[in-house]
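Have a look at the structure below before the remarks.
Laid out in structure tokens, this is it:
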């Protein structure tokens, strides 16, 4: 149904927009930018910061354009002296309580607050508080919070509560003492945070950042006794370019490989290769459950944020989780077993570094159930896309000048099925490509499963395979995972196979990905552009099904045996256990 | 004043918990249910310890951080129980200019707690209050119903020692 249209005037320009549009969005469609700070479309629309104020004819005071709906005949001015003065004063007051160590801040040149100060022409902060001390909270494995840089925009709170439905942070206390924190000001490591990092990518300042593990990587690279192996996740190749001012959705796989080699890694493998193993194991597991009546729906286990959420909020669904380790962990496990053996290196001398779109991976690498029989943890250090970009910058590597490189083949060859792991629905599609062939015995045409693609939060499809209906679902963003699980539990939704990704849109929109400012995020579908680059790469690949990967075939033949074999289980599978949500003994 | 997590162990009774459950059931699903439920919870338990707030959060199916945000925002809510002896020290204008902050400092030193909290043994709770209408006696402190006026920091020890 067409929405009723409304015509208004913004700075004397006539604009016609659908009813319900905000003044800020209407202005944008007329080519007028209204500066904003707390606003992040669809996530945080609360009119808290008052930077986006405008004059509306007839209104008593300035109004916050990010939440003010348009109306017929409205006359708006976005750029009067009164408006400019108000914005400047507001920003000065915000800055009066912001620790301005911009030069040494993790966000430095990418800070939205700094950008805003430049845009609004703040040339002095008359009320600067030079005595603010850092207020660091770094208890969790993935995140550092410094409330002395927080502007209380509440984007992090909104994304945690609404998008992720985890809600572990909120505004505590009141007035000048107001601050973002967990209930009872507990440490983040004490609450049911899933480490997804969506708060970090939502933060406009340096108040939230990933825990920087690049120091550990440099130390390993500088240690001559260590054999340092690296593997990037599927989605990193289509986002890393953004850190070097390339357009969103640029695939930089070749340059990334060269950069990693020039950084000094002894082997540059690909986590995509491990993703193909994940499909072999997960596909086999699914077929087994279908045949032998195991717990259905089977749910994917690639996303550590989702795993932790499940353990804390839906422990009754743990039997439904696939026992497969995530591709990151399979990668590490294969490096420290198969590769170590082939290369004749003691696994204890190998340092495995993963480059991930994800902050929860920093948490996953520490999980005890991941430990291998030889005593090693599969992955030693997990860094995010952002951290890798900083290492590249620090090394003086001119990224856009780099020639394309090739992964080291032993664990570097992969398929189109693996590369799409980076987008929501990709694991499902990759699994189906293999499962369908095993079930039907013939090749599936077309190879694409379009029903599970796209940025919709919950996608479902039904396929007729070898005389039985297989119902699948791919959901991303934990609020969607909750909706699906509620549906499964009350019987309104029935599936055989579910893919959950903690972050909306999947890994391409992970908490470790390059941070795009609200101004870009609010008006561009960033995840869709990144996902499109993955699907494009898949399309152009000679091998697009995991079971046809010659490395995968060779490793099974020489080393693991069959998918689902005892050895495969020992290396590539694990089990998950319920976790408490609250640290206090809750007797109710 | 930032709230301080209580050091007194939780000892709610099954009856109290049943009453709270009934209040939660009554308000569940209504917009703005948090405030009335927290008010009732404070009436039932006398304060809002973490255990009670978790019960409210789980009952209303909202994040604990949201419950705590409300509880720590409003001055009417307290995260600490009241002690056997409730100390209220006036920080109103008259008391303040007559040196109430030094007296407060002495009390804090002596008991090792800040305003809004309670000693681990549950004996003394301390609150800073506004004018209690005895400005002629400034600075003034009340312990339960006993009023102490024209206080100096050095009197604090002897006064507190009277309470067993």
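Chains as they are written, first to last, in this note's numbering: chain A, 1046 to 1633; chain B, 3 to 166.
Quick reminder that beta carbons are idealized off the backbone N, C-alpha and C, glycines included.
About 6 Å separates the beta carbons of residue 1308 of chain A and residue 1440 of chain A, which is inside the 8 Å limit, making them a contact pair. For the C-beta of residue 1276 of chain A, not a single chain B residue is nearer than 9 Å; the gap to the nearest is close to 36 Å. Residues of the region 116 to 127 of chain B with a Cβ closer than 7 Å to any Cβ of chain A: none.
Exclusion of the five residues before and after residue 1088 of chain A leaves 1200, 1203, 1204, 1207, 1208 and 1247 as the residues of its chain whose Cβ lies within less than 8 Å of its Cβ.
Across the structure, residue 1489 of chain A and residue 1483 of chain A are spaced so that their CA atoms are roughly 10 Å apart.
Contact between residue 1099 of chain A and residue 1128 of chain A holds, with the beta-carbon distance rounding to 6 Å and staying under 8 Å. Within the region 1087 to 1138 of chain A, the complete beta strand (DSSP E) segments of 3 residues or longer fall at 1098 to 1101 and 1120 to 1122, listed in chain order.
Under DSSP, no beta-bridge partner is assigned to residue 1559 of chain A. Look at the region 1187 to 1264 of chain A and you find these whole runs of beta strand (DSSP E), each 3 residues long or longer: 1188 to 1191, 1215 to 1217, 1224 to 1226 and 1253 to 1255. Residue 160 of chain B sits in a helix when the DSSP states are folded into three classes. Those residues of the region 38 to 51 of chain B placed with their C-beta closer than 9 Å to a C-beta in chain A are 51, ordered along the chain. Selection A/1108, A/1411 and A/1584 evaluated against residue 1069 of chain A yields A/1108 as nearest (Cα-Cα). Only exposed fits residue 1416 of chain A, as fewer than 16 other CB atoms lie within 10 angstroms of its CB. The beta carbon of residue 93 of chain B lies closer than 8 Å to those of 102, 103, 106, 130, 131 and 132 in the same chain, with the five residues before and after it left out. DSSP places residue 1506 of chain A inside the beta strand (DSSP E), whose first and last residues are 1503 to 1510.
Under the Cβ distance rule, residue 1214 of chain A counts among the residues neighbouring chain B, one pair being separated by less than 8 Å. Within the DSSP bridge table, the entry for residue 1448 of chain A names no partner. Here residue 1437 of chain A carries a helix assignment [DSSP, helix/strand/coil]. Comparing C-alpha distances from residue 1293 of chain A to each of A/1301, A/1283 and A/1300 shows the shortest one belongs to A/1283.
For residue 53 of chain B, the enclosing alpha helix (DSSP H) begins and ends at 52 to 62.
With respect to chain A, the C-beta atom of residue 68 of chain B has a partner C-beta closer than 8 Å.
If you look at residue 88 of chain B, you'll find it isn't in any alpha helix (DSSP H); it sits in the beta strand (DSSP E) that goes 87 to 92. For residue 79 of chain B, there are no neighbours in chain A by C-beta distance under 8 Å, as the nearest C-beta there is about 11 Å away. Measuring C-alpha to C-alpha distances from residue 1459 of chain A to each of A/1344, A/1425 and A/1376 identifies A/1376 as the nearest. Cβ neighbours of residue 1174 of chain A within its own chain (closer than 7 Å, five residues either side excluded): 1141 and 1142. In this structure, the beta-carbon distance from residue 1331 of chain A to residue 1542 of chain A falls below 8 Å. Residue 1503 of chain A and residue 1279 of chain A have their C-alpha atoms some 22 Å from each other.
Of the residues assessed, residue 1618 of chain A falls on the buried side of the cut-off, its CB having 16 or more other CB atoms within 10 angstroms.
Shown here, residue 1358 of chain A sits in a helix according to DSSP, grouped into three states.
Rounded to the nearest angstrom, the Cβ distance from residue 1325 of chain A to residue 1608 of chain A is 4 Å, consistent with a contact under 8 Å. Listed by position along chain B, the residues whose Cβ is nearer than 7 Å to that of residue 1227 of chain A are 67. In the displayed model, residue 126 of chain B falls within a strand according to three-state DSSP.
According to the DSSP assignment, residue 1474 of chain A belongs to the alpha helix (DSSP H) that extends over 1471 to 1485. Inter-segment contact for the region 1561 to 1573 of chain A and the region 1353 to 1363 of chain A is absent: fewer than three beta-carbon pairs are separated by less than 8 Å.
Shown here for residue 1219 of chain A: not one same chain residue has a beta carbon closer than 8 Å to its own, the five before and five after excluded. Put simply, the CB of residue 1627 of chain A is near chain B, with a gap under 8 Å to one of its CB atoms.
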